[in-house]
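Per the numbering used here, residue 961 is the first one in the sequence shown, and the count goes up by one each step.
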Amino acid sequence: MSQGRPLIFGFNIDPMGHHNGAWRHPGSDPSKLHSIEYEIELAQKAEAAGFEMLFIADSLAFNHGAADETAFVKAFEPFTLFAAVASHTRYPGLVCTVSSTYTEPYNLARYLTSLDHVSHGRAAWNIVTTADPLSPKNFGLEAPVSHGERYAVANDVAEAAFALWDSWENDAVVADQGGGRFFDKKKVAPANYQGRYRSTAGPLNVVPSPQKRPVIVQAGQSPDGRAFAAKYAEVVYMVAQHIDDAREYYQDIKRRIADAGRDPKKVFVIMSVRVLVEPTSEAAEARNRELFDLLPLEKTLANVSKLIGLDLTSAALDDQIPELPEPGSTETFQTQLAMVRNLVARGQIRTLRDLGVLMNGGQGVLSITGAPQTVADEIQRWADAGVTDGFMILPQQTQVDGPNFTDLVVPLLKERRLMAGASPQKMTFRQRLNATAERG
Ligand SMILES: Cc1cc2nc3c(=O)[nH]c(=O)nc-3n(C[C@H](O)[C@H](O)[C@H](O)COP(=O)(O)O)c2cc1C
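Put into structure tokens, the structure is as follows:
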């Protein structure tokens, strides 16, 4: 175990994988993008392997561009997907990504309460502020919302949603058929939340769910993102390419959580990793190259440009990486900007080609490629460093790396007592997290 602390493991149930070229590989069947049966199979396999949570990312724009015919789109938005998955699984938490910038608190609170009912207390909300520049226009906005304002809105949306969830006391429903009283009016109150950006009256028009509030998940590493996580998050996704960066983030966020008057042990800060696994390292390297060849470097760099807010597409691939924007000076993804700055400062990458190769069709999440032993060793190295409370596993090519990870790597992680496996006891996701934290 990492420094004696039990770890938690999440699995991304994206049917294609984290690599943007994965859909083109002969080992992927593109029709699985719209197969709910396949999603359920993936979720059940992850549950059987012992993952404590299932995750799905979401965006609100066709980010890779309607002019680019190699870009693919998904079939399911997260609520519909998790409602289906919930009724075919029993234990894992269901981490549903919902934008705070583009979802009204009243809608959001109802949807998540409903999912918590459907899943018998397993709903979690991955609060994202939706940093891409294309989404605003889909919601009638001419200009993007600034980074700072997105987090200010997120605070409002979270507070408004909490007020709505708290508008019903747990035992407010009496359902007294004889007396004709459905609820006790002393136990239902309006939310009356008035924020600078969002307001809502309430009360909510759905009865309280098992967890009442979903588990809160968050992933921003900017100062605003860290402040937000410290205040609200119960699970924090971390991105790092170097253990020292992870340590800085891990220690800073734990300190901020304590400063906010919360118990740092009860908040799981977990490392995101993308994995490519084959029985031998030669086979893993070969498929890694195949995936790499399916997505031109220029496309990866165009994607990174959007993430960090700097155009990297006009220079030659072997040119040095141009001067990068100062932290906080762009309106896009600060996490990725800081990561690229750190890679350059450490001399880990020098040219645009180096950057494209390192990103390899992804968004800056650490990549682990190899035979099962190698993948388990690398996970163990991060765990032993004491810089993470768990791992979010993002298969590079889900239809191959999903089963390879669960069948070949999970047994090694269990042997090494890194992965405990979710106990089959019936409990809510929050109870499961708290039980794990107490074992630590
Ligand atoms: C594992 C992981 C999953 C994420 N999933 C999403 C997502 O589904 N949708 C989204 O808009 N942003 C997603 N993000 C991006 C974050 O929400 C956030 O915008 C980004 O890390 C930049 O935040 P910052 O500018 O505060 O550092 C994800 C980040 C990570 C690390």
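Even for Gly, the Cβ is constructed at its ideal location relative to N, Cα and C.
- Distances taken from the Cβ of F1228 to the heavy atoms of ligand 1 include none shorter than 6 angstroms.
- In the DSSP assignment, D1212 falls within the unbroken alpha helix (DSSP H) covering 1203-1219.
- With a cut-off of 6 angstroms, the C-beta of A1187 is classified as distant from ligand 1, since no heavy atom of the ligand falls inside that distance.
- Straight-line measurement puts the Cα of L1378 at about 13 angstroms from the Cα of R1399.
- Within the same chain, Cβ atoms closer than 8 angstroms to the Cβ of Q1357 are found at M976, G977, H979, A982, H985, G987, S988, L1236, R1247, L1251, the five residues on either side in sequence being excluded.
- Bridge pairing for A1084: V1055, V1175 [DSSP].
- Ranked by Cα distance from V1199, the options A1118, V1325, Q1154 are led by V1325.
- Between ligand 1 and the CB of D1212, the shortest heavy atom gap is not smaller than 6 angstroms.
- The beta carbon of T1240 sits closer than 6 angstroms to the beta carbons of A1331 from its chain, once the five residues preceding and following it are set aside; these are given in chain order.
- A straight-line Cα-Cα distance of about 20 angstroms links L1254 and F1022.
- Counting only residues of its own chain and dropping the five nearest sequence neighbours on each side, E1291 has a CB closer than 7 angstroms to the CB of P1104, S1106, H1107, G1269.
- With a cutoff of 7 angstroms on beta-carbon distance, V1058 and A1003 are scored as not near each other.
- Secondary structure at Y1066: helix, using DSSP grouped into helix, strand and coil.
- Annotation for I1268: the continuous alpha helix (DSSP H) segment containing it runs 1257-1268.
- Three or more beta-carbon pairs separated by less than 8 angstroms are not found between the stretch 1210-1221 and the stretch 1309-1327, which leaves the two stretches without contact.
- In terms of CA proximity to K1191, E1119 leads the group Y1066, L1094, E1119.
- In this structure I1230 is in contact with T1348, their Cβ atoms being roughly 6 angstroms apart against a cut-off of 8 angstroms.
- Here G1322 is buried. Its C-beta has 16 or more other C-beta atoms within 10 Å.
- Secondary structure of F1011 (DSSP, three-state): coil.
- R1158 places its beta carbon 7 angstroms or farther from that of W1125.
- When the alpha-carbon of A1027 is set against those of K1259, A1336, E1286, R1392, the nearest one is in K1259.
- Within the stretch 1309-1349, the complete beta strand (DSSP E) runs of at least 3 residues fall at 1326-1330.
- The residue from F1351, P1355, Q1359, P1038 with its alpha-carbon nearest to that of G1381 is F1351.
- The Cβ atoms of L1261 and T1273 sit closer than 7 angstroms to each other.
- Counting only beta-carbon distances shorter than 5 angstroms to the non-hydrogen atoms of ligand 1, the qualifying residues in chain order are A1017, D1018, T1057, V1088, T1090, A1091, A1179, G1180, Q1181, S1182, G1185, Y1197, V1199, S1232, F1293, Q1294, T1295.
- When only Cα atoms are considered, R1310 and P1282 end up about 10 angstroms apart.
- Within the same chain, I1203 come within 6 angstroms of A1345 by CB-CB distance, once the 5 residues on both sides are set aside.
- In the three-state DSSP reduction, Y1197 falls in the strand class (E or B).
- Here D1018 is near P1038, since their CB atoms are less than 7 angstroms apart.
- Each of P1384, R1341, V1195, D1337 was checked against the Cα of P1371, and the nearest Cα belongs to D1337.
- Segment contact: the stretch 1059-1079 against the stretch 1161-1172, three or more CB-CB distances shorter than 8 angstroms; contact assigned.
- In this structure, the beta-carbon distance from H1048 to I1000 falls below 7 angstroms.
- Listed in chain order, the non-local C-beta contacts of A1121 below 7 angstroms within the same chain comprise P1065, L1068, A1069, local neighbours out to five positions each way being set aside.
- In the DSSP assignment, R1390 falls outside any beta strand (DSSP E) and lies within the alpha helix (DSSP H) extending over 1389-1399.
- Leaving aside the five residues that flank A1276 on each side, the residues in its chain whose CB is nearer than 8 angstroms to its CB run, in chain order, L1312.
- The Cβ atoms of K992 and Y998 lie closer than 7 angstroms to each other.
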